[in-house]
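Peer 1: Before anything else, here's the structure in question.
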Amino acid sequence: MRIVILVFLVILLVLFIVSEQVQTAVLSFLFPSEGQYTHSRVTILEMTGEHIALTVLATALAALVGILLGVGVTRKGGQDFQVLIMRLNSFIQTFPPSAVIILAYPVLGFGWKPALLALFLYSLFPILGNTVVGFDGVAPEVKESARGMGMTALQQLWIAEFPQAWPMILTGIRHSYILNLGTAAIAAVIGGGGLGTIIISGLALRNSALVLSGTIVISLLAFIGEQVFLFQSRFTRT
Numbered sequence: 003m004r005i006v007i008l009v010f011l012v013i014l015l016v017l018f019i020v021s022e023q024v025q026t027a028v029l030s031f032l033f034p035s036e037g038q039y040t041h042s043r044v045t046i047l048e049m050t051g052e053h054i055a056l057t058v059l060a061t062a063l064a065a066l067v068g069i070l071l072g073v074g075v076t077r078k079g080g081q082d083f084q085v086l087i088m089r090l091n092s093f094i095q096t097f098p099p100s101a102v103i104i105l106a107y108p109v110l111g112f113g114w115k116p117a118l119l120a121l122f123l124y125s126l127f128p129i130l131g132n133t134v135v136g137f138d139g140v141a142p143e144v145k146e147s148a149r150g151m152g153m154t155a156l157q158q159l160w161i162a163e164f165p166q167a168w169p170m171i172l173t174g175i176r177h178s179y180i181l182n183l184g185t186a187a188i189a190a191v192i193g194g195g196g197l198g199t200i201i202i203s204g205l206a207l208r209n210s211a212l213v214l215s216g217t218i219v220i221s222l223l224a225f226i227g228e229q230v231f232l233f234q235s236r237f238t239r240t
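Next up, the structure:
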């Protein structure tokens, strides 16, 4: 039943972003008094593509760096740095993405790059934190068995520890992806594109239909992504 609902929502999302007629029909039904239901310069399909690309890229970079750092600080040679890395990571979270964009703008300029940096830093914490928790949670018996079988340190990490830590790591990646989907809307403030473009236009024009159109797509993307991650999590456990 869950898969049927997921497929149904994917179809709705595709119809909404591909067909301006569907978009106009839905929004005109909800807001009959509004005179504009689509963006005047960019299609919602283009904005959705930009939004997804920025979200996926930021999440992938955060996953790569977060997992590598997490593995490093849970090894014998890096445990002394674990507290420092985690505190530094927590400190970064005190800066909202908008502040990071403002600080990065003079260096990276106008466009998607400052937004990517902000999303990367903001989504690093869940992945790094969960990676550390995941590897620290591996039972000592598993590590002892791996060493007893003559595994090298790399084999022990990949064969014995990583499968045990992966569900926790995947949860961190899922949280970062959902967080980035919502936060990526700020990219439009500095010309980074994405669904924030139509939301900001709607706010500027006091047009609730435009605001809702961007919000609908972000919400559907978040829900669909959540379900895909949950399915992957259950598949991994089995």
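In the working numbering, the protein residues as written are 3 to 240.
Cβ atoms here follow ideal geometry from the backbone N, Cα and C, with glycine treated the same way.
Whose CA, out of Ser100, Leu11, Glu48, Val135, lies closest to the CA of Leu119?
Peer 2: The shortest C-alpha separation from Leu119 is found at Ser100.
Peer 1: Curious, which full-length alpha helix (DSSP H) runs of at least 4 residues does the stretch 135-198 contain?
Peer 2: Listed in chain order, the complete alpha helix (DSSP H) runs (minimum 4 residues) inside the stretch 135-198 are 142-150, 164-185.
Peer 1: Alpha carbon to alpha carbon, how far is Val85 from Thr96?
Peer 2: Distance between the alpha carbons of Val85 and Thr96: 17 Å.
Peer 1: Looking only at C-alpha atoms, which of Ile201, Gln157, Arg176, Ile180 sits nearest to Thr217?
Peer 2: The shortest C-alpha separation from Thr217 is found at Ile201.
Peer 1: Report, in whole angstroms, the separation of the C-beta atoms of Val73 and Thr133, which I expect to be a contact under 8 Å.
Peer 2: So it is a contact: roughly 7 Å between Cβ atoms.
Peer 1: With a threshold of 16 other CB atoms inside 10 Å of the CB of Glu163, please say whether the residue is buried or exposed.
Peer 2: With 16 or more other Cβ atoms within 10 Å, it is buried.
Peer 1: Give me, in chain order, the residues of the same chain whose beta-carbon lies closer than 8 Å to that of Val102; leave out the 5 immediate sequence neighbours on both sides.
Peer 2: Contacts found: Pro116, Leu119, Ala120, Leu123, Tyr124.
Peer 1: Would you check if the stretch 3-16 and the stretch 32-43 touch, i.e. whether three or more CB-CB distances between them fall below 8 Å?
Peer 2: No, because fewer than three Cβ pairs between the stretch 32-43 and the stretch 3-16 fall closer than 8 Å, the two stretches do not touch.
Peer 1: By the 10 Å Cβ neighbour count, where 16 or more other Cβ atoms means buried, how is Gly146 classified, buried or exposed?
Peer 2: In the sequence on display, residue 146 carries Glu and not Gly. Exposed.
Peer 1: In whole angstroms, give me the CA-to-CA distance for Leu90 and Phe112.
Peer 2: So the alpha carbons of these two residues sit roughly 27 Å apart.
Peer 1: Measure the beta-carbon distance from Asn209 to Gln38 and round it to whole angstroms, keeping in mind my assumption that it falls under 8 Å.
Peer 2: Sure, about 6 Å apart at Cβ, within 8 Å.
Peer 1: Look at the alpha carbon of Thr199 and the alpha carbon of Met151, and state the distance between them as a whole number of angstroms.
Peer 2: Approximately 56 Å between the Cα atoms of the pair.
Peer 1: Report back the beta-carbon spacing between Ile129 and Ala65 to the nearest angstrom; my notes put them in contact at under 8 Å.
Peer 2: Yes, they are in contact, since the Cβ atoms of Ile129 and Ala65 sit about 5 Å apart, within 8 Å.
Peer 1: Between Glu143 and the rest of its own chain, which residues show a CB-CB distance below 7 Å, the 5 nearest in sequence each way excluded?
Peer 2: Hits under 7 Å: none found.
Peer 1: May I ask which residues mark the beginning and end of the alpha helix (DSSP H) holding Thr61?
Peer 2: Thr61 -> alpha helix (DSSP H) spans 46-76.
Peer 1: How many Å lie between Ser178 and Ile226 at the Cα?
Peer 2: So the two alpha carbons sit approximately 15 Å from each other.
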